[in-house]
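Everything on this sheet refers to the single structure shown next.
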Amino acid sequence: MATQSPGSDLPADASDKTDKTPRTARGRATLRKLLDAAAVEFGERGFHEASVSGITRRAGTALGSFYTYFDSKDEIFRALVQDMSAQVGRHASAAMQAATSALGREQAALQGFLAFAREHKEIYRIIDEAEFVDPDSYRLHYETTASRILTRLQAGAAAGEIREDVSELHAWAVMGMNVFLGLRFGVWNEDQPVDAVAAAANDLIARGLRKG
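Residues 15 to 226 (my numbering) are what the sequence shown spells out, left to right.
In structure tokens form, the structure reads like this:
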């Protein structure tokens, strides 16, 4: 996951650029507006049809404000992928605060992600396009997400809650399930409550990761 700038909810990679780091609360707010507007612009129009003017129009900012923080459409797209990846991590972490077990954390994390996907359906189009527009950010997003899951699973194994041989393979399997559940029940259709989807998925995980 991209690290966050001190005192900001923005990932460091989205703002820690030579002479372009926001120095004031107003500057950070403007950068946030641009990233949020970019999410809508890229989500609705796709990378190739999206434009810098479209982003600034949606953000309600001057064109000059865009170039205060970004040099190009490619650059804000890259920052956006990192920012959305960071947002997913924060939502999962917040959802897990009350969980007291390894399996409980996975259920809460998925529920948090499903809720996020329903509010930000554009994330799927943006991340998918990143495979071709910015392959490094695309790969980093999934590698970072899998790493977070693996860390949680290993903690559960160390506590004796789940099988001891959990590995990177298990983390990627859990992530893959979560990604497609988010697509089906978060983006394409909201016909089932997120808690019910997360509970059903967690039952599947529990049967596969239970100890002994």
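Glycine is no exception: its CB is placed at the ideal position from the N, C-alpha and C atoms.
Residue i burial status per 10 Å Cβ neighbour count (16 or more: buried)
i	result
Ser-65	exposed
His-62	exposed
Ala-108	exposed
Ser-181	exposed
Asp-148	buried
Glu-120	buried
Phe-146	exposed
Thr-70	buried
Ala-215	buried
Phe-194	exposed
Ala-43	exposed
Arg-166	buried
Ala-212	buried
Ala-173	exposed
Gly-190	exposed
Ala-210	exposed
Ala-171	buried
Reduced DSSP category for residue i - H, G, I as helix; E, B as strand; rest coil
i	result
Ser-115	coil
Gln-206	coil
Glu-178	coil
Pro-149	helix
Lys-87	helix
Gly-74	coil
Lys-47	helix
Thr-38	coil
Asp-217	helix
His-134	coil
Ala-212	helix
Ala-64	coil
Gln-101	helix
Ala-173	coil
Met-110	coil
Leu-164	helix
Check whether residue i and residue j have beta carbons under 7 Å apart
i	j	result
Arg-153	Leu-223	no
Ala-144	Ser-151	yes
Tyr-129	Val-188	Residue identity check: residue 129 is Ala in the sequence provided, not Tyr. No, the Cβ-Cβ distance between Ala-129 and Val-188 is not below 7 Å.
Leu-117	Asn-192	no
His-105	Gly-126	yes
Glu-36	Leu-45	Sequence inspection shows Pro at residue 36; the Glu mentioned does not correspond to that position. Their beta carbons are under 7 Å apart, which means Pro-36 touches Leu-45 by this criterion.
Met-110	Ala-100	no
Phe-56	Ile-140	yes
Ala-185	Leu-164	yes
Gly-60	Arg-132	no
Ser-115	Glu-58	no
Ser-34	Tyr-83	Reading off the sequence, residue 34 comes out as Lys, not Ser. Going by C-beta atoms, Lys-34 is nearer than 7 Å to Tyr-83.
Distance cut-off 6 Å: residue i Cβ against heavy atoms of the ligand NAP
i	result
Gln-121	Inclusion of the ligand NAP in the displayed structure is not the case, the ligand content being empty and no account of it being possible.
Residue-chain proximity (residue i, chain D), Cβ-Cβ < 7 Å
i	result
Glu-175	The chain labelled as chain D is not found in the depicted structure, where only one protein chain is given.
Are at least three pairs of beta-carbons, each pair with one atom in the stretch 45-57 and one in the stretch 87-99, less than 8 Å apart? Verdict: yes, contact present.
Determine, using beta-carbon pairs with one atom in the stretch 125-140 and one in the stretch 67-76, whether at least three such pairs fall under 8 Å. The stretch 125-140 is not in contact with the stretch 67-76.
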